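So, in structure tokens, the structure goes:
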């Protein structure tokens with residue numbers, strides 16, 4: 001089988017995506033980041049087949065997820081996208097069909113998120129498909145994890161747990177023999193919605209301006225709400241109380257929980273939400289929520305920052321719940 | 001064997017390297033690039049064990065090369081380093097000794113090149129060790145490949161061919177049975193010097209200001225002088241003549257060529273030089289060379305840009321030399 005050279009491959013699939021002047025049509029070894037105002041925020045997340053996604057996930061899911069997890073980090077820091085670099089490690093069995101579908105998917109996200117491809121690198125990978133995205137954005141001021149203060153309200157965008165439940169659905173599709181009972185019990189529509197949330201996470205880019213304007217601390221929820229909140233608390237040197245009943249759930253997640261209440265642990269500690277976890281002084285929360293709402297997203301209060309250390313999560317009866325290690329680790 | 005978690009590993013080995021305020025001690029998902037003037041130039045090169053380096057190369061060589069090939073791209077664009085992100089895909093057999101040596105090596109380069117670690121990502125890699133560096137720099141204006149004009153002088157920094165010959169020396173060390181005769185014939189010092197040039201390429205960061213001030217076109221020589229010059233010509237829509245005898249060679253390379261004159265092909269088409277290939281109008285060349293000299297580097301004219309297409313390389317007798325495909329392809 002004859003395959004295109006690296007130059008041909010770039011010219012055919014990626015140059016059409018490089019519409020920013022700074023990319024110079026991908027005819028160079030470097031790019032210029034479009035100028036903007038405020039802090040230039042950069043983030044880099046690598047995703048590897050078999051670790052961060054299933055090797056047989058649709059190519060558009062793989063490549064969009066690689067970009068979107070980075071845009072999620074930018075949004076959490078209050079930054080709007082300005083462009084990205086794509087590092088692509090292609091395993092021996094790569095196909096042109098894969099690249100074609102990937103390029104088509106990327107083209108959609110470049111438009112949706114107004115985030116041009118600026119450059120990158122394509123290499124042979126004698127191992128699993130690997131994508132390394134570096135994304136750039138501008139924030140009026142970067143919002144760190146470490147700004148939470150006692151009394152601040154803790155809130156999340158969207159709904160929590162769909163990504164982790166979607167991962168379980170996707171795993172069950174691949175190995176039906178190992179599928180847990182709740183997956184079979186759930187109706188088709190909810191199963192499909194959860195799998196889509198896992199395969200196509202939606203970075204909350206539209207909330208970035210509100211985060212920059214109102215959040216005292218912020219991060220995205222990628223490794224599970226409980227564990228990520230614990231990280232934010234540690235960085236800020238504070239504690240928190242949160243109520244399970246206040247955590248916003250989708251109809252699909254509620255359906256799954258009705259079939260198996262023990263899934264609450266998956267919901268709170270599973271990964272792949274890519275919602276924003278923010279804190280804000282109580283007197284500014286209403287304005288924050290309304291700014292987020294204006295972008296078509298929900299912002300739901302789930303707890304309060306306390307002085308001291310540790311996270312106490314309580315159930316409906318007010319009892320503290322022990323989530324154990326409580327953190328999904330990709331690494 | 002108990003291994004540190006990703007957070008522990010970052011805290012132990014990489015946080016001490018993140019001395020820039022923008023890195024926030026690596027306690028966040030994103031960084032702020034230190035502000036600067038001019039074009040913000042970004043570049044990203046991935047390197048993979050078994051493709052771009054030998055898996056048993058010293059850890060400091062691997063990690064320094066991953067950074068330096070990116071700094072070489074910045075220098076070629078006229079940009080001085082402002083910081084970098086490190087993506088690290090660790091294979092199942094990673095060791096703490098590897099990370100310790102890598103961190104020590106990186107610390108040296110961070111100081112030498114004044115290029116702080118800003119952030120990155122560490123992931124499990126069920127495959128070969130993979131490093132993906134994104135480097136940032138500022139140039140008064142980015143110098144592209146496409147600016148060469150007929151009449152311009154073509155020049156290179158340093159010496160050409162040492163990297164490719166060093167790769168052969170390194171390969172011979174690993175498989176002595178397959179070593180070519182010239183490797184055994186070369187004296188120990190030259191063998192060692194060539195291997196060092198391969199393992200520790202020296203990005204011409206100090207020439208960046210002169211490139212920005214004088215070069216009409218520029219790129220680094222990473223895939224072989226002949227092939228990279230052909231790329232520059234194609235991007236600029238011009239042709240060139242060059243003389244083999246004018247290509248600057250190190251004493252070590254001359255020694256190797258004396259033992260095997262056919263190595264001239266390796267010298268001109270091998271990769272891993274990481275010298276700068278520049279063009280400049282003839283009336284500005286003396287000032288360009290003197291600005292590069294002031295930084296302790298040589299700049300040697302090797303040819304002229306011509307109208308039309310194609311690269312004609314001539315030997316001592318003025319005969320055109322056919323280098324064949326003439327390009328080393330990592331991909």
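Protein chains in written order, with full-length UniProt numbering: chain A, 1 to 331; chain B, 1 to 331.
Glycine is no exception: its CB is placed at the ideal position from the N, C-alpha and C atoms.
Owing to the predicted nature of the structure, the values given are computational and were not obtained by experimental measurement.
Short of 7 Å from the beta carbon of residue 279 (chain A), and not among the five residues preceding or following it, lie these beta carbons of its own chain, in chain order: 148, 152, 153, 154, 215, 216, 217, 305.
Under the criterion of beta carbons closer than 8 Å, residue 49 (chain A) and residue 126 (chain A) do not qualify as touching, at roughly 13 Å.
Linking residue 124 (chain A) to residue 94 (chain B) through their CA atoms gives a straight-line distance of about 21 Å. With a cutoff of 8 Å on beta-carbon distance, residue 29 (chain A) and residue 220 (chain B) are scored as near each other. By the C-beta criterion, the segment 79-96 of chain B is judged not to be in contact with the segment 310-317 of chain A, since fewer than 3 inter-stretch pairs fall below 8 Å. Residues of chain A whose Cβ lies closer than 7 Å to the Cβ of residue 45 (chain B) are, in chain order, 121. Within 9 Å of the CB of residue 126 (chain A), the CB atoms of chain B belong to 48, 49, 50, 51, 127, 128, in sequence order along the chain.
With fewer than 16 other Cβ atoms from the protein chains shown falling within 10 Å of its own Cβ, residue 96 (chain A) counts as exposed. Note: residue 46 (chain A) is bridge-paired with A:132 in the DSSP secondary-structure output. Per DSSP, the unbroken alpha helix (DSSP H) holding residue 174 (chain A) starts and ends at 162-174. The C-beta of residue 31 (chain B) comes closer than 8 Å to at least one C-beta of chain A. A residue is called buried once 16 or more other Cβ atoms fall within 10 Å of its Cβ, and residue 293 (chain B), having fewer, is exposed. Taking C-alpha positions only, residue 301 (chain B) is separated from residue 57 (chain A) by approximately 52 Å. With respect to chain B, the C-beta atom of residue 42 (chain A) has a partner C-beta closer than 8 Å. Of all residues in the segment 135-146 of chain B, those with a C-beta nearer than 8 Å to a C-beta of chain A are 136, 142, 144, 145, 146, reading in chain order. Distance from residue 272 (chain A) to residue 194 (chain A) at the Cβ level is roughly 11 Å; contact not present, criterion being Cβ atoms closer than 8 Å. Shown here, residue 219 (chain A) sits in a strand according to DSSP, grouped into three states. Flagged as an interface residue toward chain A: residue 219 (chain B), by a C-beta distance shorter than 8 Å. Minimum Cα-Cα distance from residue 163 (chain B) among the listed residues B:206, B:252, B:107, B:229 corresponds to B:252. Listed in chain order, the non-local C-beta contacts of residue 197 (chain A) below 7 Å within the same chain comprise 162, 163, 166, local neighbours out to five positions each way being set aside.
With distances taken between CA atoms, residue 77 (chain A) lies nearest to A:212 out of A:212, A:308, A:227.
Annotated three-state conformation of residue 304 (chain B) is strand, per DSSP. In chain order, 28, 29, 30 make up the part of chain A whose C-beta sits under 8 Å from the C-beta of residue 77 (chain B). By the neighbour-count definition (other C-beta atoms within 10 Å, threshold 16), residue 44 (chain A) is a buried residue. A check of alpha carbon separations from residue 5 (chain A) across A:16, A:90, A:21 identifies A:90 as the nearest. Residue 292 (chain B) carries a helical assignment under DSSP once its states are collapsed to helix, strand and coil. Under the three-pair Cβ rule at 8 Å, the segment 10-23 of chain B does not count as touching the segment 61-70 of chain B. For residue 132 (chain B), a Cβ of chain A is located within less than 8 Å of the residue's own Cβ.
In terms of Cβ geometry, residue 248 (chain B) and residue 72 (chain B) do not form a close pair [threshold 8 Å]. Membership of residue 214 (chain A) in the alpha helix (DSSP H) is indicated by the continuous run 208-214. Chain-order list of chain A residues neighbouring residue 74 (chain B): 30, by C-beta distance under 8 Å. Linking residue 269 (chain B) to residue 114 (chain A) through their CA atoms gives a straight-line distance of about 40 Å. In this structure residue 41 (chain A) touches residue 142 (chain A) by the C-beta definition: roughly 5 Å separates them, less than 8 Å. Of the residues assessed, residue 145 (chain B) falls on the buried side of the cut-off, its CB having 16 or more other CB atoms within 10 angstroms.
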